[in-house]
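Under my numbering, the first residue of the sequence shown carries the number 1, and numbering increases by one thereafter.
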Amino acid sequence: MATAFVLSGGASLGSIQVGMLEALYERGIQPDLIVGTSAGALNGAFIAERPQTVQTALELAEVWRGLKRRQVFPVNPLTGALGFLGARSHLVPDSGLRRLIRRHAVAERLEETYVPLHVIATDVLRGEDVRLSEGPLVDAVMASAAIPGVLPAVDWDGRALIDGGVANNAPISHALELGADEIYVLPTGSPCELHEPPRGALAMLVYATGLLVGRRLEHEIATLGDRADITVLPPPCPLSVQPTDFDHADLLIAQARADARKFLDRRERRPHAGVPIVRVAGGAVRGRQRRGSRCRPSSSAR
Numbered sequence: 001m002a003t004a005f006v007l008s009g010g011a012s013l014g015s016i017q018v019g020m021l022e023a024l025y026e027r028g029i030q031p032d033l034i035v036g037t038s039a040g041a042l043n044g045a046f047i048a049e050r051p052q053t054v055q056t057a058l059e060l061a062e063v064w065r066g067l068k069r070r071q072v073f074p075v076n077p078l079t080g081a082l083g084f085l086g087a088r089s090h091l092v093p094d095s096g097l098r099r100l101i102r103r104h105a106v107a108e109r110l111e112e113t114y115v116p117l118h119v120i121a122t123d124v125l126r127g128e129d130v131r132l133s134e135g136p137l138v139d140a141v142m143a144s145a146a147i148p149g150v151l152p153a154v155d156w157d158g159r160a161l162i163d164g165g166v167a168n169n170a171p172i173s174h175a176l177e178l179g180a181d182e183i184y185v186l187p188t189g190s191p192c193e194l195h196e197p198p199r200g201a202l203a204m205l206v207y208a209t210g211l212l213v214g215r216r217l218e219h220e221i222a223t224l225g226d227r228a229d230i231t232v233l234p235p236p237c238p239l240s241v242q243p244t245d246f247d248h249a250d251l252l253i254a255q256a257r258a259d260a261r262k263f264l265d266r267r268e269r270r271p272h273a274g275v276p277i278v279r280v281a282g283g284a285v286r287g288r289q290r291r292g293s294r295c296r297p298s299s300s301a302r
């Protein structure tokens, strides 16, 4: 049995996945492969290069606790003005995020990680998701996390790539294509009632993406749930923290860890082989065997 961790995007809400990872590692649940998108690609790159233990989750937590918005989205008046006027395609330089990834990277290339790592980006021209499994690790993660309009696209063998969340923020289909038959999905948010609208353009963009992700996740589970044992861990909901706010990592990690522990502890026993099951917050839905069910073909870049 091959186990995959699928980590979605969510900007600063990526710290939520740290608490989920800690709960998973506490129970001896470890991935044979990792598929990450956007912030999930950053987290995926960190854990893929290290032992799959609680200590690794604790080390990742320290990274998130030390992050500030200016490190990830450094304000550059010239870049912002040029972007606003249409002379550039982005508002923020990528120097801060690139520096952060390089600082914590161990491997130089994706294929050199301790656990196989695959990151998802979006091809700007074709509008389709692209799986990166080989090549420079820093460039791959940068491409997966390049929020459109905010950060510049990354040139990958002549293809302009941006944030994978645009096309596929919870890439279950890629995990299946890579041979996983047990999948743990670590989302950073889900559609739910808010106390107030998101503040700021980036926050609204991330929230809107989250709505699309939630709908796609429901569709993928309904379509692909008969091909694997899928567990979707519950993110905190509703969230009072904006996806551009990096000052509440402790709160998000603690809440996600507590929620994940409760959820995993009350999981039903796994069904007998051949009877897939999808577990989500609030219960478990047994998969139905559907003939002819296929996942959508997706592009793969090496």
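Glycine included, each C-beta is placed from N, C-alpha and C at the ideal position.
Rounded to whole angstroms, what is the Cα-Cα separation between residue i and residue j?
i      : j      : result
Glu182 : Arg27  : 15 Å
Ser173 : Ala180 : 10 Å
Leu251 : Gln55  : 19 Å
Gly189 : Ala11  : 11 Å
Ser293 : Tyr184 : For Ser293, the predicted model reports a pLDDT of 32, less than 50, meaning its position is unreliable and no value from the coordinates is stated.
Leu7   : Ile34  : 8 Å
Gln135 : Val150 : The question names Gln, but residue 135 in the sequence shown is Gly. Straight-line Cα distance between these residues: approximately 24 Å.
Ala61  : Thr223 : 34 Å
Ile162 : His118 : 15 Å
Ala260 : Leu125 : 38 Å
Val154 : Ala160 : 6 Å
Leu176 : Asn169 : 15 Å
Phe263 : Ala256 : 10 Å
Gln30  : Ile221 : 21 Å
Asp245 : Asp265 : 30 Å
Ala41  : Leu137 : 10 Å
Ile253 : Ala57  : 10 Å
Leu100 : Trp156 : 20 Å
Glu59  : Leu217 : 29 Å
Pro51  : Ala4   : 15 Å
Pro116 : Pro197 : 38 Å
Tyr114 : Leu178 : 17 Å
Arg103 : Gly9   : 20 Å
Arg65  : Ala39  : 15 Å
Decide if residue i is buried, meaning its Cβ has at least 16 other Cβ atoms within 10 Å, or exposed.
i      : result
Ala258 : exposed
Asp388 : For residue 388 there is no data in the structure shown, the boundaries of the chain being 1 and 302.
His219 : exposed
Arg227 : buried
Met142 : buried
Leu97  : buried
Val241 : buried
Asp129 : buried
Ala249 : buried
Val106 : exposed
Pro236 : buried
Gly158 : exposed
Asp229 : buried
Could you tell me which of the options sits nearest to residue i, measuring between CA atoms?
i      : options                        : result
Gly19  : Asp245, Arg267, Pro234, Ser240 : Pro234
Leu13  : Leu67, Leu24, Gln30            : Leu67
Val166 : Thr37, Pro31, Val6             : Thr37
Leu132 : Met142, Ala105, Ile120, Gly149 : Ile120
Ile147 : Gly158, Asp123, Leu137, Asp157 : Asp123
Arg215 : Leu24, Arg227, Pro171          : Pro171
Glu22  : Leu117, Leu186, Ile221, Arg98  : Leu186
Pro152 : Gln30, Gln52, Ser95, Pro31     : Ser95
Tyr25  : Gly9, Thr53, Pro93             : Thr53
Arg199 : Arg103, Trp156, Ala145, Leu239 : Leu239
Ile47  : Val92, Glu112, Met1            : Glu112
Asp32  : Leu264, Ala2, Arg159, Asp155   : Ala2
Arg267 : Thr231, Asp157, Leu176, Ala41  : Thr231
Ala145 : Ala45, Ala254, Met204          : Ala45
Gly127 : Gln17, Gly164, Leu58           : Gly164
Val63  : Val115, Leu217, Val92, Gln17   : Gln17
Leu110 : Glu49, Leu100, Glu59, Ala57    : Glu49
Ala140 : Phe5, Glu108, Pro51            : Glu108
For residue i, verify whether its CB is less than 7 Å away from any heavy atom of the ligand HEM.
i    : result
Val6 : No copy of the ligand HEM occurs in the structure displayed, which carries no ligand at all.
Ranges of the beta strand (DSSP E) found wholly within the segment 3-70, counting only runs of at least 3 = 3-7, 33-37
What are the uninterrupted segments assigned as beta strand (DSSP E) that are 3 or more residues long and contained completely in the segment 158-188, given in chain order?
-> 159-163, 182-186
At what residue ranges does the segment 131-155 contain a whole run of the alpha helix (DSSP H), taking only runs of 4 or more?
-> 137-144
May I have a chain-ordered list of the beta strand (DSSP E) segments no shorter than 3 residues that lie completely inside the segment 95-131?
-> 117-123
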